[in-house]
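Undergrad: Sequence positions in the sequence shown follow mature numbering (1 follows the signal peptide of the UniProt record, and there is no 0) and run -21 to -1, 1 to 181.
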Amino acid sequence: MRNKVFALFAILVSIILYSCAGGGENNKNSNVKLSPDFDLDQYTKAGKQYADSAQKMLGMNLKMALAEGGAIGALNFCSIRAISITDSAAKMMNVDLQRVSDKPRNPMNTADIEELKMIGAMKNMHDSGKSIDPIMVRKGNGAIGYYPIIIQPFCLQCHGIPGREINPETAAVIAQLYPVDKAIGYEDGDLRGMWKVTMSEN
């Protein structure tokens, strides 16, 4: 059942992105047509579309894992499937797509020095009561977009405060699967990390 739903969602994302491209066959990034004349707003919107689509794909599968196996099921899903789903989404959308955090659970999602600066800037927006806007950086003939990942209530079973949202059984599985885990202590609405979307002009 899970694989069927994932496949249907993947097809839906492909259709949506192809429609936004106008069906063009000559686009290097076939999903969203980007002008050779650099347009920051255009890249910002395109990157948001990529990040939102990947987040929905990952979130839908994660909620299914929670429904089927609770927090333990979600942890097992994330340890096995989260990165592969992100990679599949990136391949489908023909972009370089990464999830990064300053408090990673999987070491492969550890933010580098430049990414930590972006996360810091987003945290400053959050702490000052402002909405967290995407951050765009021009690179070569394209751009890199950074888009916030916000903690939702359902995330707290695995990313909240131990003894409050995270029960002892879940904490034990986290310690087993992720010996160097840093991804706890969050509250609803906190910045979990960000999507990094690298785009080039068509």
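Glycine included, C-beta positions come from ideal geometry on N, C-alpha and C.
Closer than 6 Å by C-beta to ILE111: which residues in its own chain qualify, once you throw out the five before and the five after it? Chain order, please.
TA: Closer than 6 Å at Cβ, skipping near neighbours: MET101, MET104, HIS105 and PRO127.
Undergrad: Contact between the segment 160 to 170 and the segment 68 to 83 is defined here as three or more beta-carbon pairs at a separation below 8 Å; is this criterion met?
TA: Yes, they touch.
Undergrad: In chain order, what residues of the same chain lie with their CB nearer than 6 Å to the CB of ARG84, ignoring the 5 residues before and after it?
TA: Same-chain partners within the cutoff: TYR157, ASP160 and ALA162.
Undergrad: Run through DSSP, which three-state label would residue 240 get?
TA: Look at the range of the chain in this structure, -21 to 181, and you will see that residue 240 is not part of it.
Undergrad: How about ILE145 and LEU170: do their beta carbons lie closer than 8 Å?
TA: No, the pair does not count as a contact, with Cβ atoms beyond the cut-off.
Undergrad: Return the bridge partner residues of ARG171 from the DSSP annotation.
TA: Looking at the DSSP assignment, ARG171 forms no beta bridge with any residue, so it has no partner.
Undergrad: How long is the line joining the alpha carbons of SER179 and GLY142, rounded to whole angstroms?
TA: Each residue's Cα considered, the two are about 45 Å apart.
Undergrad: Given GLU4, which residues of its chain have a CB within under 7 Å of its CB, disregarding the five upstream and five downstream residues?
TA: In this predicted model, GLU4 has a pLDDT of only 34, less than 50, meaning its place in the structure is not dependable enough to derive any value.
Undergrad: Are the CB atoms of ALA122 and TYR22 within a distance shorter than 8 Å?
TA: Yes, they are a contact pair.
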